[in-house]
Structure formats: structure tokens, C-alpha cells
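**Student:** Below are the C-alpha cells for one structure; questions will follow.
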Amino acid sequence: MRTKRIVASTKYLIFILLSLGMVSLTAGQNDYAAERNEMVEEQIRNRGIADKDILRAMKTVERHKLVPPEQRRFAYDDRPLPIGHGQTISQPYIVAFMTDVIDPRSDMKVLEVGTGSGYQAAVLAEIVSHVYTIEIIEPLAKKASDNLRELGYDNITVKHADGYFGWKEHAPFDAIIVTAAASYIPPELFAQLRDDGKMIIPVGANFAPQQLVLVTKRKNGKMKTKNLMPVRFVPFTRD
Amino acid sequence: MKIASRLTISILLLSISMIAYQVTLMRQLSITQWYHFAYMVIAIAMLGFGFSGTFLALFKRWLSATDPQKQLYVISIIIMMSGISMPLCAELSTLEPIRFDSYELFVDRAVPLKLVITCLLLMVPFFFTALALGLSFYRFPKDIGKLYFANLSGSGLGAIAVLFLLSQLPVRPIIYSLALIAWISGFLLLPFNKRFVINKGALFSYCIAFITFTTIFWLPSRSVNSPYKSIETVLQLPDSKKVYSKNSIYGLIEAVRAPSLRYAPGISMIYTDTIPRVEALFNNGNWQGTIPLEPAYAKRALRYTTPFIPFELAGKDRALILGDGTGNRSLLAHEVRYIGITGVESMRPVTERYQAIVGIVNNEQHAVFTRHFLNKTKNSYNLISFPTCGVPGGGSGLNAIQENYLYTRETFKEAAERLTADGVIEASSYIDYPYRVPLRLLSTMFEGIKGEIPENTDPEDYLLAVRSWNMISYFFKKNGFSPQELTFVRQECEQKGFDPLIFPDLTVEERSYNNELEDESLFRATDAILNGRLKEFQKNYPFKIEAVTDNQPYFAQFLKIENLRALLSTFGFQGTGFLELGYLILLITILLLIFLAFLMILLPLIWKRSAEKLPLWVGIYFPAIGIGFMFTEIVLIQRFILFLEDPVISVSVVIGSLLAASGAGSYFSETVSSFDRTGYGVFLILVLILCVYPWLLSTGFEALHMLNSWQRYAVSAVLISLPGFCMGMMFPKGMKQLTGSSVNHIPWAWGLNNYFSVIASSVAVLLSINTGLTTVFYLGAVCYLLAAFAINHLQKTSR
């Protein structure tokens, strides 16, 4: 009789604990969704980004699943976060801004240089047809590839390579987003840009407010640049 | 051996090791973090000294022994603790979770706390050293002149010796060696019969020493650099490897190669050839420049940068490349076929590395300070090229508090005087936003060369500027540009996707045909500078962009302090942090130090109510001489950079000479019984020297520019020793006064002197930036005047 009571109590206890676990898990998911909504409203929409597709994409992509576990609680903060190997995931607003600048459409093919955490690629993939993304640091490329697959993105292709050479097999691209700061605009990348295509690239050095530069390929093959704003990217690996 | 002699030797050794440890710690923090935190070490050291004074005031009975031998025993244990804590605290500060990362200072809330913990940890060895010194002064006041002499001259010796060590060895073995010297200085102080006796105090010290010093043999050598430092991020590249490493007085010079490492800042977008592969060079882990591994590609690429235009415009006889660095400008001069190329680069290891890879490009190479070369050379040049200002994309104000005599009005004036009749000066800058670096470069250059432009002519006939998507080149031609030359500049702009920025009869559209900017403020400011309306424009511009002078040689200091609040609201705390990092770090350091110093030095004394009977003269005299000393020291270091050709040499010659002379002054002070006529005479001489020095030094430096390096060191030592000798007399004389009247206030005097020295060391830099070096000299003089008045007050009241 006593044993039965102990077994029943134990079962009851396990049930309670499991229920609590489920509740907290659901609550956790809901918390992240709420944080994401708040992030979009306060950090993105309030700063003038009104493109519905971009706002939807930013509300959809689970940023917290693309950052290291120890950074998860800060995932939706208005700042970059370290992702290891001396690299960071960009501040959400910068991702939204860069996406906005290339004016993404559903039929576009976009090249990203500097996959990092995979967050920028995921945001783009919510809007455009296909995203090709290149990462020079192998562990980051592998991690991002795994995470993006787990999140169900089948329109993102990740390659571990030197982004300097672009991705000739899939060129020309409608737009190119470079997320690693460089000291020059790689000629190979420019060559792989479609006429009238846009390339956005941060230019700068370590510990500096790098400049975001928009490069447009004119119909005559020449280019025009426009300095957009100072931004703060991770000091990246080429220079 | 007599007690006083043993103590003197021990203090001499301890002082040598402590100052050398301080400089080594600065190097370590420069390598692992930024040099700004290295600068903070000075303040940390002073904080440790100040805290020791308070500690002594509170626990002097506990630390005092009536028997002098027993007292020596207590001091020896404290000194040994200092030796032990040197490597221990340095190692602990690099371990998680204490280790802080300066990159995360503005983005992670936990980092400021880690920074405070690091400061406190690094303070410990300084605390023990100062406690030993303070206790010695307190318990052996009759010998204070000798002891203070040993302290200061030891510090002077250590400052010079450490330069040699740092040029030969890595940081870690130096720290352990210095710790051993400090420990031995304590051990020697033990009475001989107690040196090898295991007793309660010594046992603890021996055990800890054994554990600490033997740890070095087991601890693996590990990198504790911030992962965000330039060298660490480059080492993340696939197949990257460190190919070169050399300790030098300038820092740890390292080179990294990786198959994917390429560099071509400011290159035209029209360039479709291969971007040249490079070897990246670092100084203390910071980006120093790149050496091309494919010189042929590099030369071709350099033709597609804006500096190519002035290089092509000048006559091809003689080119002078100032701040040659990793040789890119020399390579460009070689590419456009100059007959004679003279390179000037003070960092010899950088030139050696460059020459080892690319070969000898220049006909002449000088490893001297650029200003020194400009002063000394009798040659005229067709082209004088300055190194590119700023960093691609814009700087973060990191160098705001670093004096730079290369980009001053006086340098450009001297350069213009060294030009041939048709000579050209080229100076380029990366474009930042908000625009600061290119504007300041233009206003400084324009101020320097405008004497060469005939009156009633347009500056645009003599000064042109061309802009690429991220670089601007300004070029001045002594006899003006011909129509053919103007056509050439226009063609270059059209072909290479550049835009003219300063050019005769320029339209608004032409200025941004190929490259649009964020806004028009660059154009408005450029026009204001050239049209003499800069002052008016400056009123509404949030940053300082006026010309830099030798008196305020802070090219990279743009922040108008009155605009800080506006900047914070526009860019936020993080954003402002990345714009004006150097200045903000200085401000944060000062605030942190005022707080910590108050907490650790003054508050305990106030709490113990020992301040109640503190005589007024003590409250004025000791703070005043502390501030006066630090103001003079900091401003002398900054001023002598110009004469001694290098900041590192200036630091060591000034500190070494100043401390040695102060030591001699303190020794001499024993012969002066109290504040009599001689004492006042010393005050008068010192104040006069400090008032005359701003003029004397600038005139003297110009007159003595023909001296060689060793003659300069000797002249500098004499010039620095004059005020140093007088300043060295002040502290022991004040102390002697106390031993006669109120010996209990000695710890208070020690504490006050240190508290104000801590703060003055940082405030001096802040004042130099905002008011100029001359004003800081005068303020130093005012402090010593104040000290004289305090003594006068004492003598009047005692009568």
C-alpha cells in the first residue's frame, strides 16, 4: 500500500515537473517571439525601415537560434554580439538596413560574402529566391550551415571559401551583400554583379566606425558609389 | 653594514624593479589590449602608492616596531610580498573571469566591473612597494634624504634599463626577473641571522615565492590577446601563420601571412586586375601596415590610387617620403620613376622587414623622426609625401590623446621650405563620417603652406584635391598648376572614377559625379577653410577641425567637450564610443581614478577622523607639489618628443633624468635644515624655470637641431635635471618639517601627495589637449607658488 503511494506520488511529481518544463519551454519560445516583435518595432520600424517584407522577415527569423547559447538572452538587444573566432553577429538594425538598401524582391538571386552566424542570409532568404553565402572561417561556415538547415532554409547555400573570388558558377547576381569590412571593393565581385545591380559593402578597419558604401553598376559597366552611413561591424579577417 | 645603508641599497633595487615592472606592464597591456589601458598603468601605480599612505596612516602602530632591526624585518617582508605579487597579479589579471576585453567595454555591461577588478589587482604590487617606502620614510625620518634619493635614482635607472630589456626579451620573462630582483631586495634586508631561519612571517613569504616563481616553468605560454585585436583576426584566416616576431623598443613587431590576405585601401573601382597579396605587419598586435608580396601587382594597383596624381605631376628628380612605414609610397615613387628617392621612417624594424621582402627601393633611407629630418636636411625635393592620415572608413578617435608632431602647421611650413621651385607636397586622408580627419588635414596643411601662396590669388591655383570613394589626396604646388596639369588631373578623375574636390571653377555636380557622400558638409567645410571662414563654420560644426600646432599636437582629438551631450544623443553611448574612444577612455579613467583614489586614499583617513588636526599648510603643500610634479613630468615628456625624435625615448629620458635629478635634489635637501632663505630661493628658481621653459624649449630645439642623437640626450638630461633637482627637494623638505612638528601627519602627507599625483597624471593630458602644453607648464608653476605660500603661512603662524 505504502509502495503504491510512493509510486503514485513519484508519478505525480514527474508529471508536475514535466508540465512545468513544457510550460517554461513554451513560455521561453513566446518570450523570444515577444522580444523579436519588440525589436522590430523599436529598433527597425522606429528608425525608418518600412518595407513590409523586411519587417516580416525580421519578425520571423529566430535570431536567438543563430547566436552562441551564452549570448541567447541578449539575442534581440540593440547591439552586435560575439559569435566566436573574433567575429560578431551584426546589430539587428544594420542587418535590416543593408537588406533595405538592396531593395530585395522575390525573384532575386543574392550573394552574401561573410556568412558569420547566418542571420543576414536567413533574413534575405525570407524575401528573395536564393541566397548564396560564403564564409572564410571553416568552423563558422559549418555551424551556420547546420543552424540554417535546422531552421528549415532550403534556399540558402553555404560555402566555405575565400569570398574575394565570389561565386562564378552562380553569377551574375542581382545584389551582393558583403558583411565583412574590407579595404577595397573586390574586382571579381563587381564583375559578378548584374548591370543595374547593387552591392553593399562596409569599408573600414578594426575598432572604427566603418562606412557602409553602396556600389551601383551602371549600364555602361562603370560604377557609382554612395557613402551611406557609419556603421560598426566586427573587425573582420581580410584586413 | 649600517641599517641606513642596507635600507638604501634595498630601496634602490626595489625602485629599479618597480619602475621597470610598471613600463613592462604597460607593454603587456599594449599587446593584449590597447595602449590607452597601458597609459592607465601610470595612474594605477599612483593609486597603489596613495592607498599605501592611507593604509600606513591607519595601521602604523601595527606596522611599527621600536627595535630598528625588527622594523627592517617588517619592511623586508613587505618588499618580498611586492616581488611575489608582481607576476602573481599580472598572471591573475589574464585569467577568466577577471580578464576584461576593451572591445566589449561599450557593449557588455560586465566589462567595466572587470576593468575595475583588473585595476585593483594590478595595483597590489605598487601598494606593497609604496608601503615599504612609506614605512621606511616614517620610521627612519633622519635618513629620508638618502632614502628618497635611492628611490628616485633607482626609478630613473629602472626606466632606462627596462628599455633595453624590452628591446631584447618578451614581456613574461622580464616580469618574473623583475619580481625576483624585488624579492631579493627584501631578502637582503633581513638580518643575516634570520635570512635562512624559518619563522612565521618569512615562512609564508618563502612558500608563496617558491610557488610563484616555480609556476613559470609549468605554466604554458598562452595568448591572452583580445580576440578582436588586428593580429588575432588576421590569424583566423585559413592557413595563416606568424612569419616574423621581434621585440624592439617600439613594441613587439610581428608579421602574418595568409594566402587570402590582400590589401589595397582607396583603390579605384575601375581597377580590375588582381588585388596584391600582402604580408601584414603588426606592432603590439595593432595593424602597422602591409608589405606587398607581389610588388609588380602592388605598383600597378598604386597607379589607381589618388596619390598617384601628385606623384606624376611633380618633377622626377628627388622625392622625399616621410613616414615611409611599409614602403608603399616609396614603391609608388619607384613606379613613376623618380631618380632619387629618400625614405624617412623612425621604426627601423619595419623598414628592415620591408627591405627584406621587397628589396631596397630607396636611394637613401633614414631611421629618424620626420621632423628631425626636415629640420636637418639641406636638400630640396620635387616631391614631399606625407603618410596617409586616418584609417579606411574612419577612425574611432583612438589616437586622440597621442601627440603627433608630423601633422602640424609647423611641419607643413618646414616641408614647403624644403621644396624646389616647382615642388609638390602630397598629403592624403581616408574619408570618415562625420568628416573630421580630411578637414583637419586640409586646415593644418593650408595653414602651413599659405605663406607660400601669393596674395590676391585663388588658393585653388596652388592647392588641389581629388577624392576617390574612400580617400582624398591634397596636393600643393609651389609655383601653381599649369593648364596642362589641370587637364591631366581632370582626365585622371574621369578615367579612374575619382571626383575633384578642390579645383579651379568647380561646379557642385562635378564634386560628386562618381562618388556621392552622405551629405554636403565636407564641401562646405572645405570651402570655409580655403576662404578664411573656418572660425565661423566651426561654431556650428560639432568637431574640432582647426589647424594643429606644435603647442597642441593632437591631430586626432576632434571632440568638443561642450558637444559631448549632443553627440551622445545623436550617436548613443556605443556610437560615441566608437567615434571618440581615446578621449572618452581618458575621461572615464580620470573619473574612475578620482572615485577609487577618494575611496581608497582619503575616505579611510576621514573615517578615522585623523584629519581633524591636519594643519592647513600640510593640506595645501603636499597636494600642490604632487600636482606640480606630475604636470611638469607629463608636459616635459610631450614637449621633448619633438627634440628627442621619438615618444619612447622621450618617456625614458625624461623620466630617467627627472627622477635621477629629483633624487639628487632630495639628497641635497638634507643639507638645507628647513624652509629658510635657501628654501625660498629654490621655489623661486623652480617657478622661474617653469615659466621660461615653454619659450626656451621651442627656441632651443630649433637652435640645436644640428646636434646628433647622443648630444641631444645629454642636452635633454641637463634641461630636464634643472627643474628635476629643485622639485626633488620639495617632498623631503616638507617631510622634515613634519618630523620636527607633527610626525603623525607623515602618512597623511604621503597620502595627499599621492592622491593628487594620481589625478594630476591624467588631468595633465586632458589639459594639454584642451589648452596646450604651455598652459600646463604655467599651471605647474602656479602649484609650486601655492606650495611656497603654504610654507609662508606655516612660518607666520608658528612665529
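Residue numbers (my numbering), protein chains in the order written: chain A, 1 to 239; chain B, 240 to 1038. Virtual Cβ for every residue (Gly too), placed ideally from N, Cα, C. Please read all numbers here as calculations on a predicted model, not as lab measurements.
Check whether chain A comes within 8 Å of residue 736 (chain B), counting only Cβ atoms and requiring the distance to be less than that.
**Tutor:** Chain A, which has a Cβ nearer than 8 Å to the Cβ of residue 736 (chain B), makes this yes.
**Student:** Taking 8 Å as the cut-off, decide whether the C-beta atoms of residue 321 (chain B) and residue 371 (chain B) are in contact.
**Tutor:** Yes. Within cutoff.
**Student:** Run through chain B and tell me which residues come within less than 8 Å of residue 228 (chain A), C-beta to C-beta.
**Tutor:** Within chain B, the residues near residue 228 (chain A) are 757.
**Student:** Any contact between the segment 354-369 of chain B and the segment 307-314 of chain B? By contact I mean 3 or more CB pairs, one from each, below 8 Å.
**Tutor:** Contact between the segment 354-369 of chain B and the segment 307-314 of chain B is absent, because fewer than three Cβ pairs lie under 8 Å.
**Student:** Please compile the residues from chain A whose C-beta is within a distance smaller than 7 Å of the C-beta of residue 754 (chain B).
**Tutor:** What residue 754 (chain B) touches in chain A: 225.
**Student:** Just by C-beta distance, which residues in the segment 484-505 of chain B are closer than 9 Å to chain A?
**Tutor:** Cβ contacts with chain A come from 497, 498, 499, 500, 501, 502, 503, 504, 505.
**Student:** Quick one: what's got a C-beta closer than 7 Å to residue 735 (chain B)'s C-beta in the same chain, skipping five residues either side?
**Tutor:** Answer for residue 735 (chain B): 507, 509, 543, listed in chain order.
**Student:** How big is the Cα-Cα spacing for residue 870 (chain B) and residue 936 (chain B)?
**Tutor:** Roughly 16 Å separates the two Cα atoms.
**Student:** What are the residues in the segment 403-414 of chain B lying within 9 Å of chain A by C-beta distance?
**Tutor:** Within the segment 403-414 of chain B, no residue has a Cβ that lies closer than 9 Å to any Cβ of chain A.
**Student:** If you measure between the beta carbons of residue 368 (chain B) and residue 463 (chain B), is that distance less than 8 Å?
**Tutor:** No, Cβ-Cβ distance for residue 368 (chain B) and residue 463 (chain B) is not below 8 Å.
**Student:** Pull the bridge partners of residue 53 (chain A) from the DSSP assignment, please.
**Tutor:** None, per the DSSP bridge assignment.
**Student:** Select from the segment 133-147 of chain A all residues with a C-beta closer than 8 Å to any C-beta belonging to chain B, and list them in chain order.
**Tutor:** Flagged, chain order: 136, 137, 138.
**Student:** Who are residue 582 (chain B)'s beta bridge partners in DSSP?
**Tutor:** Note: residue 582 (chain B) sits in a beta bridge opposite B:560, B:604.
**Student:** Whole angstroms is fine: what's the gap from residue 965 (chain B)'s alpha carbon to residue 903 (chain B)'s?
**Tutor:** For residue 965 (chain B) and residue 903 (chain B), the distance between alpha carbons rounds to 9 Å.
**Student:** Cβ of residue 968 (chain B) within 7 Å of any heavy atom in the ligand GDP?
**Tutor:** Ligands displayed in this structure: none; no statement on the ligand GDP is therefore possible.
**Student:** Helix, strand or coil for residue 211 (chain A)? Go by DSSP, reduced to three states.
**Tutor:** Three-state result, residue 211 (chain A): strand.
**Student:** Is the Cβ-Cβ distance between residue 282 (chain B) and residue 853 (chain B) less than 8 Å?
**Tutor:** No, these two residues do not count as a Cβ contact at 8 Å.
**Student:** Residues of chain B with CB closer than 7 Å to the CB of residue 48 (chain A), please, in chain order.
**Tutor:** Simply none; closest approach about 15 Å.
**Student:** Would you mind sorting residue 300 (chain A) into buried or exposed? The rule is 16 or more other CB atoms within 10 Å of its CB.
**Tutor:** Residue 300 (chain A) lies beyond the stretch modelled for chain A, which goes from 1 to 239, so this question has no answer here.
**Student:** Less than 8 Å between CB atoms is the rule here; does residue 779 (chain B) satisfy it with respect to chain A?
**Tutor:** With 8 Å as the cut-off, residue 779 (chain B) does not count as an interface residue toward chain A.
**Student:** Determine whether the beta carbon atoms of residue 945 (chain B) and residue 615 (chain B) lie at a separation below 8 Å.
**Tutor:** Against a cut-off of 8 Å, the Cβ pair of residue 615 (chain B) and residue 945 (chain B) comes out as a contact.
**Student:** Taking DSSP as the reference, what is the three-state secondary structure of residue 177 (chain A)?
**Tutor:** Note: residue 177 (chain A) maps to strand in three-state DSSP.
**Student:** Using alpha carbons as the reference points, say which of B:787, B:379, B:351, B:724 lies closest to residue 978 (chain B).
**Tutor:** Checked all of B:787, B:379, B:351, B:724; the closest Cα to residue 978 (chain B) is B:379.
**Student:** Along the segment 466-477 of chain B, where does the CB come closer than 9 Å to a CB of chain A? Name the residues.
**Tutor:** For the segment 466-477 of chain B, which is checked against every Cβ of chain A, the residues closer than 9 Å are 466, 467, 468, 469, 471, 472, 473, 474, 475, 476, 477.
**Student:** Just the Cα atoms here: how many angstroms apart are residue 678 (chain B) and residue 805 (chain B)?
**Tutor:** Each residue's Cα considered, the two are about 21 Å apart.
**Student:** When the cut-off is 8 Å and only beta carbons count, does residue 71 (chain A) lie next to chain B?
**Tutor:** No, because no Cβ of chain B sits closer than 8 Å to the Cβ of residue 71 (chain A).
**Student:** Look up residue 706 (chain B) in the DSSP assignment and give the residues it is bridged to.
**Tutor:** Paired residue(s): B:711, B:738.
**Student:** Do we get a CB-CB distance below 8 Å when we pair residue 213 (chain A) with the residues of chain B?
**Tutor:** Yes, its Cβ sits closer than 8 Å to a Cβ of chain B.
**Student:** Return the bridge partner residues of residue 667 (chain B) from the DSSP annotation.
**Tutor:** B:712, per the DSSP bridge assignment.
**Student:** I'd like the list of long-range same chain contacts for residue 191 (chain A), defined as Cβ closer than 7 Å, with 5 residues on each side in sequence excluded.
**Tutor:** Cβ within range, chain order: n/a, list empty.
**Student:** Indicate the three-state DSSP secondary structure (helix, strand or coil) for residue 781 (chain B) in the structure shown.
**Tutor:** The answer is coil: DSSP assigns residue 781 (chain B) none of H, G, I, E or B.
**Student:** Pull the bridge partners of residue 157 (chain A) from the DSSP assignment, please.
**Tutor:** DSSP lists A:132 as partners of residue 157 (chain A).
**Student:** For the segment 93-105 of chain A, list every residue whose C-beta sits within 9 Å of some C-beta in chain B, in sequence order.
**Tutor:** Hits within the stretch: zero.
**Student:** From residue 581 (chain B) to residue 625 (chain B), what distance separates their C-alpha atoms?
**Tutor:** C-alpha separation (whole angstroms): 12 Å.
**Student:** Look at the Cβ atom of residue 398 (chain B), then the Cβ atom of residue 262 (chain B), and state whether they are nearer than 8 Å.
**Tutor:** Yes. Within cutoff.
**Student:** Is there at least one Cβ from chain B nearer than 8 Å to residue 166 (chain A)'s Cβ?
**Tutor:** So no, residue 166 (chain A) is outside the interface.
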